[in-house]
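J.:
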Amino acid sequence: MAINCKENQHRQPDWLTEELRKAQLDNEVMFARKPCIYKVPQHLREADKKSYTPSVVSMGPYHFHNRHLHPMERHKWRAFYQTINRHKHDFKLYLDAIKDLEAKARGSYEGEINLNSDDFVKMMVLDGCFILELFRGMKDGFDTLGYSEGDPVFSICGSLDFIRRDMIKLENQIPLFILDALIALQSPVRDTHYLVKMAISFFAPLIPTDEPVDKGADFTHLDPQSHHCLQLFRENLVSKGLIAPKPAKKLWKRRLSINVVGKPTTQVIYCVSQLTEGGVRFRM
Numbered sequence: 284m285a286i287n288c289k290e291n292q293h294r295q296p297d298w299l300t301e302e303l304r305k306a307q308l309d310n311e312v313m314f315a316r317k318p319c320i321y322k323v324p325q326h327l328r329e330a331d332k333k334s335y336t337p338s339v340v341s342m343g344p345y346h347f348h349n350r351h352l353h354p355m356e357r358h359k360w361r362a363f364y365q366t367i368n369r370h371k372h373d374f375k376l377y378l379d380a381i382k383d384l385e386a387k388a389r390g391s392y393e394g395e396i397n398l399n400s401d402d403f404v405k406m407m408v409l410d411g412c413f414i415l416e417l418f419r420g421m422k423d424g425f426d427t428l429g430y431s432e433g434d435p436v437f438s439i440c441g442s443l444d445f446i447r448r449d450m451i452k453l454e455n456q457i458p459l460f461i462l463d464a465l466i467a468l469q470s471p472v473r474d475t476h477y478l479v480k481m482a483i484s485f486f487a488p489l490i491p492t493d494e495p496v497d498k499g500a501d502f503t504h505l506d507p508q509s510h511h512c513l514q515l516f517r518e519n520l521v522s523k524g525l526i527a528p529k530p531a532k533k534l535w536k537r538r539l540s541i542n543v544v545g546k547p548t549t550q551v552i553y554c555v556s557q558l559t560e561g562g563v564r565f566r567m
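Numbering-wise, the sequence shown is residues 284 to 567 according to my numbering.
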């Protein structure tokens with residue numbers, strides 16, 4: 284049987300065909316997904332692991348399997364129990380509501396999430412109810428929600444400060460639309476900024492200002508469609524003038540100028556006036 288050498292010569296290798304097929308699928312997935320919760324680049328993590336790794340609680344899938352965070356899982360179940368018991372709800376109501384949002388929630392994260400559907404939905408429900416219990420507890424009092432004084436988690440003492448800090452770490456977020464969906468099951472009629480107000484009040488102790496959070500507070504400028512708690516926290520800092528929305532152009536020009544060929548490239552510390560132009564605020 285004669286072999287067409289010319290045709291065989293131009294035939295694409297099977298391994299190349301498979302790699303191109305995977306690349307096409309990856310591109311299609313990237314267009315379909317709308318990630319807003321990203322992983323910290325490895326070179327940044329290696330420089331300061333503690334700044335990017337939660338210390339007591341995992342929110343979302345990135346640190347879900349970290350063993351040192353597992354003790355907090357039982358407190359998430361406590362929060363879920365208190366929630367459904369208080370509202371006389373069946374637990375399946377919550378699972379079904381979040382199941383409908385599973386694809387959208389998965390698409391909010393960078394890369395594939397190695398959790399099956401049941402585990403992912405359960406994680407979103409538990410994390411969401413846990414967050415809302417903390418928000419409501421700070422707003423209305425944990426005792427009104429059924430928690431005892433001196434509770435190790437659901438009180439103003441204990442590990443609350445550590446939890447609060449963990450909840451504004453980049454990799455430790457869940458989409459705000461998950462919280463909105465859970466709130467809708469509990470309070471069908473509410474202010475559109477209800478979640479925003481609770482979140483900002485909860486994170487107020489982390490804001491470097493002596494001004495009370497509710498003093499003349501106007502939350503209407505904060506987007507109720509924000510992606511996650513960290514974005515809300517940042518927007519609030521920007522609105523208070525504590526950080527700049529983006530570095531001043533003059534500062535960026537100075538940064539770029541030090542990388543020009545033939546000029547020094549080791550300048551990493553700026554003077555006070557440069558930092559002020561870049562949005563840094565100093566307190567005396």
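For every residue, glycine included, the Cβ atom is placed at its ideal position computed from N, Cα and C.
Three-state secondary structure (DSSP) at Tyr345?
T.: Tyr345: coil per DSSP, three-state reduction.
J.: Find out if the Cβ-Cβ distance for the pair Pro458, Ser400 is shorter than 8 Å.
T.: For Pro458 and Ser400, no; Cβs fall outside 8 Å.
J.: Where Glu416 and Leu327 are concerned, what is the direct C-alpha to C-alpha distance, given to the nearest angstrom?
T.: Whole-angstrom Cα-Cα distance: 32 Å.
J.: Rounded to whole angstroms, what's the CA-CA distance from Glu329 to Thr336? Just pull it up for me.
T.: Rounded to whole angstroms, Glu329 to Thr336 spans 11 Å at the Cα level.
J.: How is Ile461 classed by DSSP in three states: helix, strand or coil?
T.: In the structure shown, Ile461 sits in a helix (DSSP, three-state: H, G or I).
J.: Would you mind giving the Cβ-Cβ distance between Ser438 and Tyr430, rounded to the nearest angstrom? I have them listed as a contact below 8 Å.
T.: That pair is a contact at about 7 Å.
J.: Which residues share a DSSP beta bridge with Ile320?
T.: DSSP lists Tyr392 as partners of Ile320.
J.: Output the boundary residues of the alpha helix (DSSP H) element that contains Tyr430.
T.: Careful: Tyr430 lies outside any alpha helix (DSSP H) and carries neither H nor E.
J.: My output table needs one value for Phe374: the three-state DSSP class, helix, strand or coil.
T.: In the structure shown, Phe374 sits in a helix (DSSP, three-state: H, G or I).
J.: Below 7 Å CB to CB, which residues in the same chain sit around Pro435 once its five sequence neighbours on both sides are set aside?
T.: Closer than 7 Å at Cβ, skipping near neighbours: Gly441, Ser442.
J.: For Leu520, name the three-state secondary structure that DSSP assigns.
T.: Reduced to three states, the DSSP call for Leu520 is helix.
J.: Can you tell which of Gly424, Met407, Ile446, His511 has its C-alpha closest to the C-alpha of Leu465?
T.: Answer by Cα proximity: Met407.
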